[in-house]
Amino acid sequence: PTGVTGSTGATGATGSTGPTGATGITGATGPTGATGATGATGSTGVTGPTGATGSTGPTGTTGSTGPTGATGATGATGATGSTGSTGATGTSITATYAFANNTSGTAISVVLGGTNVPLPNNQNIGPGITVSGGNTVFTVANAGNYYISYTINITASLLVSSRITINGGALAGTINSPAVATTSFSATIITTLAAGDAISLQLFGLLAVATLSTTTPGAVLTIIRLS
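Quick note on the UniProt record's numbering: the sequence shown kicks off at 1 and runs consecutively.
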């Protein structure tokens, strides 16, 4: 009969490695690992060719006007144009006038409030002035500035006064009131008249009869419209 197995002997030395076995089949792909950090930016590549021109965009709003530029030099004078046709003749202001005198030796019955002196002789009356039937009132048709002048010569010295009246009222600047009796009176004025104003030459301030001279004009009145 077999006897009892003895105790295991000590392990022998490891033998030399055997040749590598054949590679096994590839195992299944493991899960994707976490994304790594972004790498450094690479250098800029070469510029590509210019693309085709795009369509024109809508016109923008007009900008504000810039400051005015400096004035340019004056250009050469152009040739003189041909003379235009002559305009219509304007209205003559001084065509409105009146002249009249008294050379008849009329006796004037002077009253304190005034007596108009008749001027029937040598009348030269332009348009725009009319004379009353008694030749004592000269009425202007147009307003304006008028030159008025008068003289009176009587045959005997009287302490009488003279003046121009407008619509019956004395015209200041034409009153001649001598301090002593005299035979000659005169005054000249430029005054503004309204259309329709009536002008008369008067003796006043004394109850007397004044006889106008015949050796010189006994009375003279001149009226001229200036403007």
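Beta carbons: idealized from backbone N, C-alpha and C, even for Gly.
Computed from a predicted structure; not experimentally measured.
- When S227, I154 and A170 are compared, the shortest CA-CA separation from T215 is found for I154.
- Proximity of the region 102-109 to the region 200-217 meets the contact definition, three or more beta-carbon pairs being nearer than 8 Å.
- The distance from the Cβ of A98 to that of I125 is about 5 Å, consistent with a contact at the 8 Å cut-off.
- The C-beta of T59 has fewer than 16 other C-beta atoms within 10 Å across all chains shown, which makes the residue exposed.
- Its chain contains S149 as the residues whose beta carbon lies nearer than 6 Å to that of T188, once the 5 sequence neighbours on both sides are disregarded; these appear in chain order.
- In the three-state reduction of the DSSP assignment, A107 falls in the strand class, which pools E and B.
- In terms of Cβ geometry, G196 and T139 form a close pair [threshold 9 Å].
- With contacts defined as CB atoms closer than 9 Å, T115 and Q202 qualify as a contacting pair.
- The alpha-carbon separation between G113 and S227 amounts to approximately 32 Å.
- In the DSSP assignment, S186 falls within the unbroken beta strand (DSSP E) covering T182 to L193.
- Note on geometry: alpha-carbon atoms of A22 and T29 lie some 21 Å from one another.
- In this structure, T182 is the residue among T182, T174 and T151 with its C-alpha nearest to the C-alpha of L159.
- The Cβ neighbour count for I25, taken over all protein chains shown within 10 Å, is under 16; the residue is labelled exposed.
- Selection S157, Y147 and S186 evaluated against T211 yields S157 as nearest (Cα-Cα).
- Within a 10 Å sphere around the beta-carbon of V110 sit 16 or more other beta-carbons, which makes this residue buried.
- The three-state secondary structure of A100, taken from DSSP, is strand.
- Assigned with DSSP and collapsed to three states, A156 falls in strand.
- In this chain, the beta strand (DSSP E) harbouring T222 covers A219 to R225.
- One Cα belongs to L206, the other to G144, and the distance between them is close to 33 Å.
- Listed as beta-bridge partners of A208 by DSSP are V110.
- Distances from the CA of N122 to each of P1, T8, L221 and V4 were compared; the closest alpha carbon is that of L221.
- Residue pairing by DSSP places T151 opposite S186 and V220 in a beta bridge.
- Excluding its 5 nearest sequence neighbours in each direction, A172 has no C-beta neighbour in its own chain below 6 Å.
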